[in-house]
Amino acid sequence: MSTYRFETLLAPRRIAVVGAGDRPGSVGRAIIDGLRAGGFSGEVVPVHPRESSVDGLPCVSRLADLRAAPDLVMIATPPFAVPDIVEEAGRVGAASAVILSAHLGQGEAAPLGAARASARRHGLRLIGPESVGLSVPAQGLNASLLARPPTSGDLALVSQSGTVASAIAEWAGRRGVGFSAVMTLGRSADVDVADCLDHFAEDFRTRAIILSLHHVADARKFLSAARAAARAKPVVVLRTGRHDGLDRAPTTHTGALARPGAVYEAAFRRAGLLAVDGLDAMFSAVETLGRQRPFPGKRLMIVANGRGIGALAADGLADREGALSAPSDETLTKLEPVRHGAQANPLDLGIDAVPRDFARALEPLLTDRGSDALLAIHVPTARAGSREVAQNVADAVAMGRAAGRRKPVFAVSIGEDEAVRSIYGRAKIPLFATDADAVEGFLHLVRYREAQDDLMRTPDSLPRDFSPDIDAARAVIERAIREGRTWLDPASVASLLAAYRIDSVPSTLVPDPDGAAAAAWPLIAAGHTVALKLVSPDVVHKSEVGGVRLGLTSEADVRAAASAMIARVRAQRPDARIAGFAVQPTVRRAQARELIAGLAEDPVFGPVVVFGRGGTAVEVIDDRALALPPLDLALAGELIGRTRVARRLAAYRDVPAADTDAIALTLVKLAQLAADLPAVRELDINPLLADADGVVALDARVRIEAETGRERRRGNWHPRFAIRPYPAEWERRLVAGDRRVLVRPVRPEDEAMFRAFFVQVDAEDVRLRFFAPVRDFSHAFLARLTQLDYSRAIAFVATEEGIDEARRMLGAVRLHADANHDRGEFAILVRSDIKGTGLGIALMRMMIDWAQADGIAVIEGDVLAENRAMRGVCRQLGFAERPAPDEPGLVKVTLRVPERTQS
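In this note's numbering, the protein residues as written are 51 to 953.
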């Protein structure tokens, strides 16, 4: 349902409180007290079967007795009564309800399931159960159990935990930080975090979003909403239960490395969210975002009345990989009257500094181009009281802003008091109790800007000759499933890797020690030593039973080693089946680094790509990073860079750098394998050797499991992928005039092609498309056209085959679905010299086909009234036309998409 009825939920005019008795301290009575304390001006009606009035408010015995349908129903009753109350609320026409009650059970037969079913039947939005309510201060709405009504501001707080929300709201109240809304979701029977993200991303009263969550129920919905929200404004997330364990014992190294907390972190990173690890960090984020907007740059200038306290801040910044600024020589000259010592940053004003010295230091620093933000740290002394320093800092910043210098300023006042907090609060300067908190707050905004840059970064193109043999790979998997196998044998693993052009070591499978000796002879005769490996469907980690021997130099050694393996397995794992042995040449790459790369399966987010340092001690070393597929080369490179082993991939001493491009491409290939083959549940390449000559898989194992009926596919969309991959099945070929045209979904690496396209399009056609002249086709502008969340948007680009890139693109059409995924807005632009070839209508029809397949019911768009050609195309395709309200120069065109017939 997403944002359906949110307007009424967050701005109700009539509220019914079910279970509100006259007993002070009861939950229902507390809700009424909170509404009064918040200044709610609408109608509040208590509902209780045995009361005639509650605290002076007339009471009705049931919802059906209300004279008009309530916009919001607050439910504070025993759990067994909740389903009937929700059903009655739906019947009387209520728009939404908040369930404060707890212990509603699990499953559809429990009270929770019955309440959810009733709400869906009537289109009633539900918050809870186990919610502590919601608050919208600007509306005077405080239907919550919070200790004090939140003040009005521009932060939205969304929390699954009532206690965490209460802690943040209480802290913010004491600091003068306000909220556009506070929503506590509890167990999210209906309204969930994704719904709230969709709403507040579009809410002009909300500048940043604060999340507290423990779990995600629908990974696709959450990530799609989170990515959209993070592009619009900062989103900070605190997850409780970060160290919860796996539900089942992992069977591979990659499975063991992909712990739930690490997967959530990978998901937050992919969505562009700022993850914090505790309430202190969350408070720091709230203080920062409540007073300071994001800014470009990451260079911090520190000013302090003491060398030691400034150095502590600089150390903390360096520990968190922040950057100190370097003031210009001109600025340093202006600072000479207040500067102690030779160090430029941190700037030491001296323990004898007076309050005016802070202002004298800030004035030139606010204009200095060498820094992006300032941090003023004050330790109270006999010569400089906290209040006087705060006022001087606030006045200097106010003067700078009045002169157009809006450089961000952060403040630390050791031993702060209410007056100091008030001074900085009025000045919109974030204030922190310690230098560490201030550095953390500064870096929140730096990381947000970096995340935005990452979201809009254009990836490198994949090698044009990379095209996996998907049919061969599927044949390997299907054959193993027919045979009832859970693990692929070495020959099947090698075939699977070969289908994706991942180099591995040639292997010969043999049934017994004599066969191993015979297979070893050609290798020994060619000058190789031999690697012998046990093959058993019941032994995943061969090294645990001595199932790997390297460097064998004779047939006798191979035969003896194989016999010894059998004996060890019989002693240690008598139940294990021995299928035979794999005989390989021993690989000697002296300067290679041992890595691990593979796939793991997360119960929430589905397939996960794992990379890190490899070897038998991989889980002990725990040097790993995770990413959600699909990947491109930019994302794969970023994944590599988040590990410690990445530093060893660079050149050092006489060891040349490893081929990181080859490593990144291998990770992209594994992500593509996961998309193509949903039956692959875990894949372990350990070790993956990497050096200057490329990569090679020394050992690999693959666990498979057939897809179930519940895992419904949509096109090529992996049934468990959290992020929809590139929809390759929508590529089409057609003819436009005398041109052979390929129409395909847009990819992020198309940015350069789009830039060349806009250069060729007539300026008047660009004006008709964007309703205004566009002169700057910046990276940010083009990134929003080419970097798509295929769950919500599609863009098809038409390219002429056999033409160089500068002239290849002929046109594009785009469709963006709303948060409820029932309506979509389109836009189209065709190159000026292509008009009249039928390409525009062909692109429109393809966009309509996508909408039909994707379940979008209505397509709409705005067209300039003067654009008669586009209006003609729309009429030909069946669009209805009407004047746009409040826009006399625009026409609104609408098409009701026919439902897809079932074949």
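Beta carbons are placed, not taken as given, at the ideal position from N, Cα and C, and that holds for glycine.
Residue i to residue j span [Cα, whole Å]
{"i": "V705", "j": "G744", "result": "14 angstroms"}
{"i": "P200", "j": "F90", "result": "13 angstroms"}
{"i": "D445", "j": "L416", "result": "13 angstroms"}
{"i": "L385", "j": "F492", "result": "23 angstroms"}
{"i": "V816", "j": "R497", "result": "35 angstroms"}
{"i": "P938", "j": "E910", "result": "17 angstroms"}
{"i": "V470", "j": "G366", "result": "24 angstroms"}
{"i": "S542", "j": "A361", "result": "59 angstroms"}
{"i": "E380", "j": "A394", "result": "12 angstroms"}
{"i": "A376", "j": "A368", "result": "14 angstroms"}
{"i": "A544", "j": "R751", "result": "10 angstroms"}
{"i": "L85", "j": "D115", "result": "22 angstroms"}
{"i": "G765", "j": "R782", "result": "The predicted model places G765 with a pLDDT of 49, which falls under 50 and marks its position as unreliable; any figure quoted below should be read in that light. Distance between the alpha carbons of G765 and R782 is about 15 angstroms."}
{"i": "G391", "j": "G400", "result": "9 angstroms"}
{"i": "R921", "j": "D503", "result": "37 angstroms"}
{"i": "A522", "j": "R529", "result": "11 angstroms"}
{"i": "A892", "j": "L838", "result": "21 angstroms"}
{"i": "P396", "j": "A403", "result": "15 angstroms"}
{"i": "L205", "j": "I464", "result": "26 angstroms"}
{"i": "W780", "j": "R797", "result": "13 angstroms"}
{"i": "G236", "j": "D800", "result": "43 angstroms"}
Within 9 angstroms, strictly: CB atoms of residue i and residue j
{"i": "L196", "j": "V136", "result": "no"}
{"i": "E850", "j": "L739", "result": "no"}
{"i": "G183", "j": "A193", "result": "yes"}
{"i": "E180", "j": "S151", "result": "yes"}
{"i": "V560", "j": "F631", "result": "yes"}
{"i": "P480", "j": "D422", "result": "no"}
{"i": "A280", "j": "A321", "result": "yes"}
{"i": "V941", "j": "A907", "result": "no"}
{"i": "I646", "j": "H303", "result": "yes"}
{"i": "V443", "j": "Y474", "result": "yes"}
{"i": "V590", "j": "V633", "result": "no"}
{"i": "V326", "j": "D553", "result": "no"}
{"i": "V110", "j": "G78", "result": "no"}
{"i": "V462", "j": "G340", "result": "no"}
Contact set for residue i: own chain, Cβ-Cβ below 6 angstroms, skip 5 residues either direction
{"i": "L584", "result": "K592, G597, M615"}
{"i": "V880", "result": "G861, L889, G890"}
{"i": "F827", "result": "R805, F808"}
{"i": "A696", "result": "I690"}
{"i": "A724", "result": "L649, P657, P679"}
{"i": "D248", "result": "S52, T53, A275, A869"}
{"i": "A721", "result": "V659, P679, P680, L681"}
{"i": "R198", "result": "G223"}
{"i": "R864", "result": "A845, A877"}
{"i": "A412", "result": "A small correction: the amino acid at residue 412 is Leu; Ala does not occupy that position in the sequence shown. Closer than 6 angstroms at the Cβ level, and outside the excluded window around L412, lie A446."}
Counted within 10 angstroms of its Cβ, other Cβ atoms place residue i as buried (16 or more) or exposed
{"i": "D812", "result": "exposed"}
{"i": "G155", "result": "exposed"}
{"i": "V785", "result": "exposed"}
{"i": "Y550", "result": "buried"}
{"i": "R825", "result": "exposed"}
{"i": "D883", "result": "exposed"}
{"i": "E57", "result": "exposed"}
{"i": "A848", "result": "buried"}
{"i": "F820", "result": "exposed"}
{"i": "Y314", "result": "buried"}
{"i": "H829", "result": "exposed"}
{"i": "A576", "result": "exposed"}
Close Cβ partners of residue i (< 7 angstroms) along its chain, the five nearest in sequence each way excluded
{"i": "R476", "result": "none"}
{"i": "R609", "result": "P563, D564, A566, A567"}
{"i": "R692", "result": "A675"}
Spatial neighbours of residue i in its chain, beta-carbon cut-off 8 angstroms, leaving aside the 5 residues before and after
{"i": "L699", "result": "R643, I690, A707, A708, T710, I713, A740"}
**OP:** May I ask you to verify whether the region 114-129 touches the region 213-223, counting CB pairs closer than 8 angstroms and requiring at least 3?
**Re:** Two segments are said to touch when three or more pairs of C-beta atoms, one from each, lie closer than 8 angstroms; by this definition the region 114-129 does not touch the region 213-223.
Subject >> the region 264-275 in contact with the region 238-248 per 3-pair CB rule at 8 angstroms >> reply: The answer is yes - the region 238-248 touches the region 264-275, with three or more Cβ pairs under 8 angstroms.
Original post:
For the 8 angstroms Cβ check, are there 3 or more pairs between the region 346-360 and the region 397-411?
Top reply: yes
Original post:
Between the region 452-460 and the region 412-430, do three or more beta carbon pairs fall short of 8 angstroms?
Top reply: yes
**OP:** Would you check if the region 669-685 and the region 284-291 touch, i.e. whether three or more CB-CB distances between them fall below 8 angstroms?
**Re:** Segments in contact, no.
Original post:
Within the chosen definition, does the region 706-722 reach the region 665-672 through at least 3 CB pairs nearer than 8 angstroms?
Top reply: With the cut-off at 8 angstroms, the region 706-722 and the region 665-672 do not touch.
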